[in-house]
């Protein structure tokens with residue numbers, strides 16, 4: 003109705019075209035996993051910051067959920083040699 007450049011106040015959750023959501027509550031965990039994999043594929047191995055602006059969760063719940071969801075998909079170890087080739 004208002005398009006991607008929706009200029010309604012962020013508090014108008016029901017009628018906005020989009021709202022910020024915690025990690026895994028807007029885009030799927032699979033989509034986040036694909037993003038983390040792409041970052042690693044192209045050599046990024048640094049900070050992943052959480053910016054919490056989810057209008058339907060408390061700060062504590064939204065942040066805890068984002069941490070839990072990111073922890074489940076982060077690639078922590080360096081790959082070993084490709085022993086199968």
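In the working numbering, the protein residues as written are 3 to 87.
Each residue gets a CB set at the ideal place from its N, CA and C atoms; glycine is no exception.
All values reported here derive from a predicted model rather than from experimental measurement.
From residue 68 to residue 81, what does the alpha carbon distance come to, in whole angstroms?
Taking the first residue of the chain shown as position 1, residue 68 is located at position 66. Taking the first residue of the chain shown as position 1, residue 81 is located at position 79. Cα to Cα, residue 68 sits roughly 25 Å from residue 81.
Note down the Cα distance separating residue 66 from residue 83, rounded to an integer number of angstroms.
For the purposes of this step, residue 66 is taken as residue 64 along the chain shown, with counting starting at 1. For the purposes of this step, residue 83 is taken as residue 81 along the chain shown, with counting starting at 1. Cα to Cα, residue 66 sits roughly 35 Å from residue 83.
Give the secondary structure of residue 43 by DSSP, where H, G and I count as helix, E and B as strand, and everything else as coil.
Mapped onto the chain shown, residue 43 falls at position 41. If DSSP states are grouped into helix, strand and coil, residue 43 belongs with the helices.
N-terminal and C-terminal residue of the alpha helix (DSSP H) that residue 100 is part of
Examination of residue 100 is not possible in this model, given that the chain is present from 3 through 87 alone.
In three-state terms, what does DSSP make of residue 15?
Your numbering for residue 15 matches position 13 in the chain shown. Looking at residue 15 - three-state DSSP - the assignment turns out to be coil, as it is neither helix nor strand.
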